[in-house]
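Going down the list, the protein sequences come from chains A and B. Residues in the first sequence are numbered consecutively from 17, following the working numbering. Residues in the second sequence are numbered consecutively from 458, following the working numbering. Every residue, glycine too, gets a C-beta built ideally from N, C-alpha and C. Since this is a predicted model, take the numbers as computed values, not measurements.
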Amino acid sequence: MKENFVRSREERTKKLEEIALKIRRHIIREIYEAGSGHPGGSLSATEIITALYFYIMRHNPHNPKWEDRDRFVLSKGHSCPALYAALAESGYFDVKELLTLRKLGSRLQGHPSIKTPGIDICTGSLGQGLSIAVGMALGARIDRKLYRVFVLMGDGELQCGEVWEAAMAAANYRLDNITAIVDRNRLQIDGNTEKIMSLEPLSFKFKAFGWHVTEINGHNFNEIIDAIENGFKIKGKPKVVIAHTVKGKGVSFMEGSVAFHGKPPNDEQFKIAMKELGVENV
Amino acid sequence: MFKEYKYPREAYGKTLRQLGRERKDIVVVDADLSSSTKTKFFADEFPDRFFNMGVAEQNMVGVAAGLATTGKTVFASSFAMFIVGRGYDQIRQSIAYPKLNVKIVATHAGITVGGDGASHQIIEDIALMCALPNMSVFVPADNVETEKIIRSIADYRGPAYVRLGRSKVPTIYDQSYEFQQGKASVLREGDDITIIALGIMVSEALIASEELEKKGISARVINMSTVKPIDREAIIKAAKETGAIITAEEHNTIMGMGSLVASIVAENYPVYVYKCGIPDVFGESGDYRELMEKYGLTSKNIIKAAENIIRKR
């Protein structure tokens, strides 16, 4: 959905930053209202999801099942508050619905489900999204469709063996229509990924599996967009963008905090967080 | 009693190939066992719609789900032990929960795998698959019914699990047989007792029924090839009309078809139910007929159970 605002890279960044700020506010409010949820990984993925939904991906909020749409799989399903916010801001549903997150009868489940317009697959049990993406990419090949498949994975989730089964399959079938993005915030529930179960050297692992690898700052729109769009030019292999991010990005006391992996802000923290995001009266 | 013995998994492979000729939306994935599961028949003719995912069942199940989101009718096959055992979470999260159009057709289920031993002999797959919301579960009795069931599930959108064995089984049905999902097939009428059987045990039930007739016991035989949604009416009718039920299946007696039958009988019309199956133990290596003898899966076991029930009346 490339909007008509690309007169310069600076202007593009400015517009996307405005959207990202709105998404961060939604994330905090959604999780606060729900009384549970995962702010840390939602905030670290905000620029990635914003760049995809508001610049890179071809999709149509008025026709979520459009068969030529680019596909997006949120393999790190617990970051769905960010995805729901992007879907709402894109126009898949009213932003008011965001406040129903995790409530009985809501279309916005605690982890992504197909109840939500714009979501194609249930995720939440980690490590499964890349396999789904491989299936979608093979489907495109059979039908000779040009849509692209994007999958966002957490770094902790790369400890799941299935991810590497899928990585092997994507390279084996030369699925150059897949772009995986790793939200490399270096924190998982029990602590630093390198202390819990070391992932490094991560880029070498992907390279060894036959992938094209780019490492970027995952909060910089130009870097995100350049890495993904340059990847499209590379044929014959799947692409992964390792996006270095800060868990809880944008809210001072959540940044780099393991505690806010899966905890909502309390009343006071909510006010502080919203103030930091430019909302004075909540 | 039976004229011919055939491999249901061969009927599966041939039906799949035929479906591939008829329909462009049929896609197949396998995990390095295509020559055993017989998906090779399809693979050889439609290499562009067949994907071998290697020895990686979790990924295979996820890939099947991803393909289904693009509108394909996907068949995913491997040995039952591996696709259900290794792939359970993926089946649950990525197929059953989003209700995707993936048909899991698992071969080499149960102890009749034979020589490979307990590591390869799944006796709990019916329990696992029946407990998943949105999942339908089928166990064909022979090669004819296999073909009918595969065609039937290809025609509706949604998840399904089909359980096939490794060995040849006697052909029970002829081509005029009309399979209907959720409808039990009454193979033999009877008034004294009912035998409800699955898969390879259907032929054993028919042999038992014939032997029992010689002893003056009239046994109804029902093939419950749709385990879920199970035919409640046929079960309740059997309870009312024959007063006792024996279930026979190549599965753990805990949480198999027998348990489902017993719970329906208990809720609706309590009568005696005897479950003939694997008595909550792991199998072992051996010839499949020897294993059936050792683990109580023969017509003799059914006959003995029937005689005991009748004697107690």
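Less than 9 Å between CB atoms is the rule here; does residue i satisfy it with respect to chain A?
i, result
"Val562/B", "no"
"Asp487/B", "no"
"Phe459/B", "no"
"Leu524/B", "yes"
"Pro504/B", "no"
"Tyr613/B", "no"
"Asn516/B", "yes"
"Ala654/B", "no"
"Gln632/B", "no"
"Thr651/B", "no"
"Lys495/B", "no"
Report the partner residues of residue i according to the DSSP bridge assignment.
i, result
"Leu203/A", "Asn208/A"
"Leu168/A", "Leu90/A, Ile197/A"
"Lys732/B", "Thr704/B"
"Ser593/B", "Ala617/B"
"Pro627/B", "Tyr462/B"
"Ser642/B", "Asn680/B"
"Asn233/A", "His260/A"
"Ile759/B", "DSSP lists no partner for Ile759/B."
"Val531/B", "Val484/B, Val559/B"
"Asn509/B", "Asp487/B"
"Lys255/A", "Thr195/A, His228/A"
Alpha carbon to alpha carbon, how far is residue i from residue j?
i, j, result
"Ile767/B", "Ile702/B", "11 Å"
"Ile130/A", "His42/A", "21 Å"
"Leu293/A", "Leu59/A", "12 Å"
"Pro128/A", "Leu99/A", "9 Å"
"Ser491/B", "Pro280/A", "49 Å"
"Leu191/A", "Ser493/B", "28 Å"
"Glu690/B", "Met592/B", "20 Å"
"Ala676/B", "Val541/B", "34 Å"
"Arg543/B", "Gly177/A", "12 Å"
"Gly234/A", "Ile65/A", "10 Å"
"Gly571/B", "Thr683/B", "25 Å"
"Ile687/B", "Tyr613/B", "17 Å"
"Pro597/B", "Ser660/B", "12 Å"
Is it buried or exposed for residue i, if we count other Cβ within 10 angstroms and need 16 for buried?
i, result
"Phe739/B", "exposed"
"His565/B", "buried"
"Asp649/B", "buried"
"Gln144/A", "buried"
"Lys560/B", "buried"
"Tyr464/B", "buried"
"His78/A", "exposed"
"Glu604/B", "buried"
"Ile137/A", "buried"
"Ile303/A", "Look at the range of chain A in this structure, 17 to 298, and you will see that residue 303/A is not part of it."
"Met681/B", "buried"
"Gln637/B", "exposed"
"Ala224/A", "exposed"
Determine whether the Cβ of residue i lies closer than 9 Å to any Cβ atom of chain B.
i, result
"Asp84/A", "no"
"Asp136/A", "yes"
"Leu146/A", "yes"
"Asp192/A", "no"
"Met184/A", "yes"
"Glu181/A", "yes"
"Ala187/A", "no"
"Val319/A", "Look at the range of chain A in this structure, 17 to 298, and you will see that residue 319/A is not part of it."
"Thr139/A", "yes"
"Ser214/A", "no"
"Met152/A", "yes"
Given residue i, which residues of its chain have a CB within under 6 Å of its CB, disregarding the five upstream and five downstream residues?
i, result
"Asp206/A", "Ile212"
"Ile548/B", "Val518"
"Lys221/A", "none"
"Phe539/B", "Glu514"
"Ile692/B", "Val718, Ile721"
"Phe610/B", "According to the sequence shown, residue 610/B is Ile rather than Phe. Excluding positions up to five away in sequence, the list reads Lys560, Ala617."
Going along the chain, which residues of its own chain have a beta-carbon closer than 8 Å to the beta-carbon of residue i, five neighbours each way excluded?
i, result
"Tyr462/B", "Lys625, Val626, Pro627, Thr628"
"Lys38/A", "Ala101, Glu105"
"Tyr634/B", "Val601, Glu602, Lys605, Ser642"
"Arg118/A", "Ala50, Gly51, Ser52, Gly53, Leu124, Gln125, Gly126"
Could you name the residues of the same chain whose beta carbon sits closer than 7 Å to that of residue i, not counting the 5 residues immediately before and after it, in chain order?
i, result
"Arg512/B", "According to the sequence provided, residue 512/B is Val. The question's Arg does not apply to it. For Val512/B, where only same-chain residues beyond five positions count, the Cβ hits under 7 Å are Ala488, Asp489."
"Gly252/A", "Arg190, Asp192"
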